[in-house]
Amino acid sequence: MNGKRAIVNKNQGVLIVCEGISGSGKSETIVKLSNQLRASGYQVNVLEWNSNPIIRSIAAKIDVWGWLTPNVYSLLQWIGFLIDYFRVMVPLLKKKQVVIADRYVYTGATRDAVNGASKLIGKIIVRFTRKPDWLLFCDTPPQICYERIAIRGKTLFHPNKAISQNDQIPNKDLYYLKQMREAYVGLLEDVKAGRNTHVFVLNGNSKIVELFIEDYIAQKLGVLKGSPVIYPSLGGKL
(Lines of atoms letter the chains of each structure in order from A and count residues from 1; the text may use other names and numbers.)
(Lines give C-alpha, C1' and ligand atoms only; values in the text may rest on other atoms or scores of the structure.)
Protein backbone atom coordinates (compact mmCIF):
# COMPACT_ATOMS: atom_id res chain seq x y z
CA MET A 1 0.00 0.00 0.00
CA ASN A 2 1.36 3.42 -0.96
CA GLY A 3 1.63 5.83 1.92
CA LYS A 4 3.91 7.95 4.00
CA ARG A 5 5.41 7.94 7.45
CA ALA A 6 3.33 9.53 10.18
CA ILE A 7 5.44 12.33 11.61
CA VAL A 8 4.82 12.50 15.35
CA ASN A 9 3.79 15.94 16.58
CA LYS A 10 6.20 16.74 19.43
CA ASN A 11 3.71 18.76 21.45
CA GLN A 12 2.31 17.21 24.62
CA GLY A 13 -0.82 15.11 24.43
CA VAL A 14 -2.75 14.27 21.27
CA LEU A 15 -4.94 16.92 19.67
CA ILE A 16 -7.39 15.78 17.01
CA VAL A 17 -9.44 18.47 15.28
CA CYS A 18 -12.62 17.86 13.30
CA GLU A 19 -13.65 20.65 10.94
CA GLY A 20 -16.28 21.22 8.28
CA ILE A 21 -19.23 23.42 7.44
CA SER A 22 -22.46 23.08 9.42
CA GLY A 23 -24.24 19.81 8.65
CA SER A 24 -21.13 18.11 7.27
CA GLY A 25 -21.15 15.23 9.77
CA LYS A 26 -18.57 16.40 12.30
CA SER A 27 -20.56 15.24 15.31
CA GLU A 28 -21.07 11.74 13.91
CA THR A 29 -17.37 11.46 13.05
CA ILE A 30 -16.36 12.56 16.55
CA VAL A 31 -18.76 10.14 18.25
CA LYS A 32 -17.42 7.18 16.26
CA LEU A 33 -13.78 8.10 16.83
CA SER A 34 -14.16 8.87 20.54
CA ASN A 35 -16.11 5.65 21.16
CA GLN A 36 -13.41 3.59 19.44
CA LEU A 37 -10.59 5.21 21.36
CA ARG A 38 -12.39 4.88 24.68
CA ALA A 39 -13.06 1.22 23.93
CA SER A 40 -9.30 0.83 23.49
CA GLY A 41 -8.69 2.25 26.94
CA TYR A 42 -7.81 5.87 26.17
CA GLN A 43 -9.16 8.78 28.16
CA VAL A 44 -10.75 11.01 25.53
CA ASN A 45 -11.95 14.57 26.05
CA VAL A 46 -14.32 16.09 23.48
CA LEU A 47 -14.40 19.91 23.44
CA GLU A 48 -16.81 22.06 21.45
CA TRP A 49 -15.97 25.36 19.77
CA ASN A 50 -17.30 28.43 21.57
CA SER A 51 -18.98 26.52 24.36
CA ASN A 52 -18.44 29.32 26.91
CA PRO A 53 -21.98 30.22 28.10
CA ILE A 54 -21.06 33.77 29.18
CA ILE A 55 -19.64 34.70 25.77
CA ARG A 56 -22.62 33.16 24.01
CA SER A 57 -25.00 35.12 26.23
CA ILE A 58 -23.17 38.37 25.53
CA ALA A 59 -23.27 37.71 21.78
CA ALA A 60 -27.01 37.02 21.92
CA LYS A 61 -27.70 40.28 23.77
CA ILE A 62 -25.55 42.34 21.40
CA ASP A 63 -27.34 40.76 18.46
CA VAL A 64 -30.72 41.79 19.90
CA TRP A 65 -29.44 45.35 20.22
CA GLY A 66 -28.33 45.28 16.59
CA TRP A 67 -24.64 45.81 17.37
CA LEU A 68 -23.33 42.40 16.31
CA THR A 69 -21.16 43.43 13.38
CA PRO A 70 -18.75 40.92 11.76
CA ASN A 71 -15.82 42.38 13.72
CA VAL A 72 -17.67 42.30 17.06
CA TYR A 73 -18.80 38.73 16.35
CA SER A 74 -15.22 37.77 15.45
CA LEU A 75 -13.81 39.32 18.62
CA LEU A 76 -16.30 37.51 20.83
CA GLN A 77 -15.65 34.20 19.03
CA TRP A 78 -11.90 34.49 19.55
CA ILE A 79 -12.25 35.54 23.20
CA GLY A 80 -14.47 32.50 23.82
CA PHE A 81 -11.99 30.24 22.08
CA LEU A 82 -8.99 31.55 24.04
CA ILE A 83 -10.82 31.14 27.37
CA ASP A 84 -11.57 27.49 26.59
CA TYR A 85 -8.14 26.94 25.06
CA PHE A 86 -6.12 28.06 28.07
CA ARG A 87 -8.60 27.04 30.78
CA VAL A 88 -9.51 23.57 29.48
CA MET A 89 -7.60 22.35 26.43
CA VAL A 90 -4.00 23.23 27.36
CA PRO A 91 -4.20 21.65 30.86
CA LEU A 92 -5.58 18.41 29.39
CA LEU A 93 -2.84 18.24 26.76
CA LYS A 94 -0.17 18.90 29.38
CA LYS A 95 -1.45 15.79 31.16
CA LYS A 96 -0.74 13.91 27.90
CA GLN A 97 -4.40 13.16 27.31
CA VAL A 98 -6.30 12.82 24.04
CA VAL A 99 -8.39 15.84 23.09
CA ILE A 100 -10.86 15.84 20.19
CA ALA A 101 -11.87 19.38 19.23
CA ASP A 102 -15.23 19.89 17.54
CA ARG A 103 -13.93 22.87 15.51
CA TYR A 104 -10.72 24.75 16.23
CA VAL A 105 -8.94 27.92 15.07
CA TYR A 106 -9.76 27.06 11.45
CA THR A 107 -13.44 27.72 12.13
CA GLY A 108 -12.70 31.22 13.35
CA ALA A 109 -10.40 31.95 10.41
CA THR A 110 -12.92 30.79 7.80
CA ARG A 111 -15.79 32.66 9.44
CA ASP A 112 -13.72 35.85 9.53
CA ALA A 113 -12.97 35.46 5.82
CA VAL A 114 -16.57 34.82 4.79
CA ASN A 115 -18.17 37.33 7.16
CA GLY A 116 -15.85 40.11 6.05
CA ALA A 117 -14.26 40.61 9.47
CA SER A 118 -10.66 41.63 10.10
CA LYS A 119 -8.31 38.67 9.78
CA LEU A 120 -5.56 40.09 12.01
CA ILE A 121 -6.61 38.54 15.35
CA GLY A 122 -7.25 35.17 13.75
CA LYS A 123 -3.90 35.10 11.95
CA ILE A 124 -2.07 35.78 15.22
CA ILE A 125 -4.00 33.13 17.14
CA VAL A 126 -3.65 30.51 14.38
CA ARG A 127 0.09 31.10 14.31
CA PHE A 128 0.70 30.76 18.03
CA THR A 129 -1.78 28.12 19.19
CA ARG A 130 -0.89 24.46 19.37
CA LYS A 131 -0.86 22.66 16.01
CA PRO A 132 -3.13 19.58 15.91
CA ASP A 133 -1.72 16.09 15.45
CA TRP A 134 -4.62 15.32 13.12
CA LEU A 135 -7.07 17.54 11.25
CA LEU A 136 -10.12 15.73 9.86
CA PHE A 137 -12.08 17.79 7.34
CA CYS A 138 -15.61 16.52 6.67
CA ASP A 139 -16.06 17.60 3.07
CA THR A 140 -19.76 17.00 2.55
CA PRO A 141 -21.32 18.88 -0.42
CA PRO A 142 -22.95 22.15 0.73
CA GLN A 143 -26.29 21.17 -0.80
CA ILE A 144 -26.46 18.06 1.39
CA CYS A 145 -25.40 20.08 4.44
CA TYR A 146 -28.14 22.61 3.71
CA GLU A 147 -30.77 19.87 3.48
CA ARG A 148 -29.61 18.34 6.78
CA ILE A 149 -29.82 21.70 8.54
CA ALA A 150 -33.32 22.26 7.13
CA ILE A 151 -34.49 18.85 8.36
CA ARG A 152 -33.16 19.57 11.86
CA GLY A 153 -35.02 22.88 11.89
CA LYS A 154 -31.91 24.79 12.92
CA THR A 155 -31.09 28.37 11.98
CA LEU A 156 -27.80 29.00 10.20
CA PHE A 157 -26.52 32.08 12.03
CA HIS A 158 -23.93 34.53 10.71
CA PRO A 159 -23.47 38.34 10.92
CA ASN A 160 -22.76 38.93 7.22
CA LYS A 161 -25.45 41.44 6.23
CA ALA A 162 -23.98 41.67 2.72
CA ILE A 163 -25.39 38.17 2.22
CA SER A 164 -28.54 38.28 4.38
CA GLN A 165 -29.74 41.57 2.84
CA ASN A 166 -28.84 40.77 -0.77
CA ASP A 167 -32.03 40.07 -2.70
CA GLN A 168 -29.97 38.85 -5.67
CA ILE A 169 -29.04 35.69 -3.72
CA PRO A 170 -32.05 33.32 -3.86
CA ASN A 171 -30.82 30.86 -1.22
CA LYS A 172 -28.73 32.79 1.26
CA ASP A 173 -28.00 29.86 3.60
CA LEU A 174 -26.77 27.63 0.79
CA TYR A 175 -24.69 30.49 -0.59
CA TYR A 176 -23.09 31.02 2.83
CA LEU A 177 -22.30 27.31 3.16
CA LYS A 178 -20.63 27.30 -0.26
CA GLN A 179 -18.56 30.35 0.69
CA MET A 180 -17.51 28.66 3.92
CA ARG A 181 -16.35 25.54 2.10
CA GLU A 182 -14.27 27.60 -0.32
CA ALA A 183 -12.65 29.43 2.60
CA TYR A 184 -11.88 26.11 4.31
CA VAL A 185 -10.27 24.74 1.17
CA GLY A 186 -7.89 27.67 0.87
CA LEU A 187 -6.95 27.56 4.54
CA LEU A 188 -6.43 23.80 4.75
CA GLU A 189 -4.14 23.79 1.73
CA ASP A 190 -1.77 25.90 3.82
CA VAL A 191 -2.12 23.50 6.76
CA LYS A 192 -1.31 20.54 4.51
CA ALA A 193 1.92 22.26 3.52
CA GLY A 194 3.14 22.11 7.13
CA ARG A 195 4.85 19.17 8.84
CA ASN A 196 3.19 18.98 12.25
CA THR A 197 -0.38 18.13 11.28
CA HIS A 198 -1.81 15.21 9.30
CA VAL A 199 -4.77 16.43 7.24
CA PHE A 200 -7.41 14.00 6.01
CA VAL A 201 -10.40 14.87 3.84
CA LEU A 202 -13.35 12.70 4.83
CA ASN A 203 -16.07 12.25 2.24
CA GLY A 204 -16.99 8.67 2.95
CA ASN A 205 -16.15 5.84 5.35
CA SER A 206 -13.77 7.09 8.04
CA LYS A 207 -13.09 3.68 9.62
CA ILE A 208 -9.60 3.24 8.18
CA VAL A 209 -8.66 6.75 9.34
CA GLU A 210 -9.81 5.87 12.86
CA LEU A 211 -7.53 2.83 12.87
CA PHE A 212 -4.47 4.81 11.82
CA ILE A 213 -5.23 7.48 14.41
CA GLU A 214 -5.37 4.81 17.10
CA ASP A 215 -1.98 3.41 16.01
CA TYR A 216 -0.55 6.93 15.95
CA ILE A 217 -1.76 7.64 19.50
CA ALA A 218 -0.36 4.34 20.74
CA GLN A 219 3.01 5.17 19.23
CA LYS A 220 3.10 8.74 20.51
CA LEU A 221 2.12 7.80 24.06
CA GLY A 222 4.64 4.98 24.12
CA VAL A 223 2.12 2.13 24.09
CA LEU A 224 3.14 0.85 20.66
CA LYS A 225 6.82 0.18 20.08
CA GLY A 226 8.60 -0.64 16.85
CA SER A 227 8.21 0.60 13.30
CA PRO A 228 6.66 4.01 12.70
CA VAL A 229 3.05 4.21 11.57
CA ILE A 230 2.63 4.37 7.81
CA TYR A 231 -0.69 5.69 6.57
CA PRO A 232 -2.08 5.84 3.03
CA SER A 233 -3.29 8.87 1.14
CA LEU A 234 -6.97 8.93 2.05
CA GLY A 235 -10.01 11.00 1.19
CA GLY A 236 -10.77 13.22 -1.76
CA LYS A 237 -8.95 16.28 -2.98
CA LEU A 238 -9.71 19.66 -1.46
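For the sequence shown, the UniProt record's numbering gives the first residue as 1, with consecutive numbering after it. Cβ atoms here follow ideal geometry from the backbone N, Cα and C, with glycine treated the same way.
{"Item": "Inside the region 150-206 only - beta strand (DSSP E) runs reaching at least 3 residues", "Value": "198-202"}
{"Item": "Trp134: first and last residue of the uninterrupted beta strand (DSSP E) it sits in", "Value": "134-138"}
{"Item": "Buried/exposed call for Cys18, threshold 16 Cβ in 10 Å", "Value": "buried"}
{"Item": "Complete alpha helix (DSSP H) runs within the region 96-120 (minimum length 4 residues, chain order)", "Value": "105-115"}
{"Item": "Buried/exposed call for Thr155, threshold 16 Cβ in 10 Å", "Value": "exposed"}
{"Item": "Cβ-Cβ separation, Tyr184 to Tyr106 (assumed contact under 8 angstroms), whole Å", "Value": "7 angstroms"}
{"Item": "Residue-chain proximity (Asp215, chain D), Cβ-Cβ < 9 angstroms", "Value": "Chain labels in this structure do not include chain D; a single protein chain is all it has."}
{"Item": "Pair within 9 angstroms by beta-carbon distance, Ile121 and Leu76", "Value": "no"}
{"Item": "Opposing strand residues paired with Val14 [DSSP bridges]", "Value": "Val98"}
{"Item": "Given 8 angstroms, three or more beta-carbon pairs between the region 26-37 and the region 119-135", "Value": "no"}
{"Item": "Asn115 versus Asp84 - alpha carbon distance", "Value": "23 angstroms"}
{"Item": "Cut-off 8 angstroms between Cβ atoms - residues of its own chain near Gln143, not counting five sequence neighbours on either side", "Value": "Leu174"}
{"Item": "Through-space distance from Trp78 to Lys10, alpha-carbon basis", "Value": "25 angstroms"}
{"Item": "Three-state secondary structure (DSSP) of Ser40", "Value": "coil"}
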